[in-house]
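Undergrad: Quick note: to get the working numbering, add 3 to the position in the sequence shown (first position is 1). Glycine residues also receive a C-beta, built at the ideal position from the N, C-alpha and C atoms.
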Amino acid sequence: MSVMKESIAQLLAVVDTLRKEYPTRRFTLDGRLVGDIGEVLCLEVYDITLLPALSHQYDARTSDGRMVQIKTTMQKSLTFPADHSPDYYLGVKILSDGTVQEVFNGPGEVIHNALQQRKAHPKNNLHSLSIRKLEELQKSVQVADRIPKR
4 MSVMKESIAQ LLAVVDTLRK EYPTRRFTLD GRLVGDIGEV LCLEVYDITL LPALSHQYDA
64 RTSDGRMVQI KTTMQKSLTF PADHSPDYYL GVKILSDGTV QEVFNGPGEV IHNALQQRKA
124 HPKNNLHSLS IRKLEELQKS VQVADRIPKR
């Protein structure tokens, strides 16, 4: 078997295992995989319950009822819509050891206000913010306005 075929088979086996363990997530190999993995990693770290997959604008709810949209990356930025602001954003970066680094945790309006200073991307109305910028914005968020950890 070629390296590519073997690697794809292993990847599909991993996806199958993840789907069985976390049936509320699809773990599709079309770009949603990083997001689904990030949501599950956040479930293990934060006081949240995941909503059904592909729920409109929200991925999770806290035990006190706050609605959360989770944004995940393995790169140097996260992408946010310019046309709506969820109650809360939880932005994380997946590290090579399988853990997450929190890069933003707070009210959606903080991100939304930062995006209002930009022109929207003409095709999809999405904006990217660097990890550095998100960490800077995070400094303005009070601890009481963050999603608590478990």
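1) So, for SER88: in the same chain, excluding its five sequence neighbours on each side, which residues have a beta-carbon less than 8 Å away from its beta-carbon?
2) Run through the DSSP bridge pairs and tell me what LEU132 is partnered with.
3) If you reduce the DSSP assignment to three classes, tell me which class VAL146 lands in.
4) Determine, using beta-carbon pairs with one atom in the segment 97 to 110 and one in the segment 73 to 87, whether at least three such pairs fall under 8 Å.
5) Would you mind sorting GLU42 into buried or exposed? The rule is 16 or more other CB atoms within 10 Å of its CB.
6) Give the straight-line distance between the Cα atoms of LYS23 and GLN120, rounded to the nearest whole angstrom.
7) Return helix, strand or coil for GLN13, following the three-state DSSP convention.
8) Around the C-beta of ASP148, are 16 or more other C-beta atoms found within 10 angstroms, so that it is buried, or is it exposed?
TA: On the basis of the coordinates in this document:
1) Translated into the one-based positions of the sequence shown, residue 88 becomes position 85. Here the set comprises GLY111, GLU112, ILE114, HIS115.
2) Here residue 132 refers to the residue found at position 129 when the sequence shown is read from its first residue. DSSP, once it has assigned bridges, lists LEU81 as partnering LEU132.
3) To locate residue 146, count along the sequence shown from 1; it is residue 143. Helix at VAL146.
4) yes
5) For the purposes of this step, residue 42 is identified with residue 39 of the sequence shown, where counting begins at 1. It is buried - the Cβ of GLU42 has at least 16 other Cβ atoms within 10 Å.
6) Position 20 of the sequence shown holds residue 23. Position 117 of the sequence shown holds residue 120. C-alpha separation (whole angstroms): 43 Å.
7) In the sequence shown, counting from the first residue as 1, residue 13 sits at position 10. Helix.
8) Sequence index remark: in the sequence shown, residue 148 carries index 145 (1-based). Under this definition ASP148 is an exposed residue.
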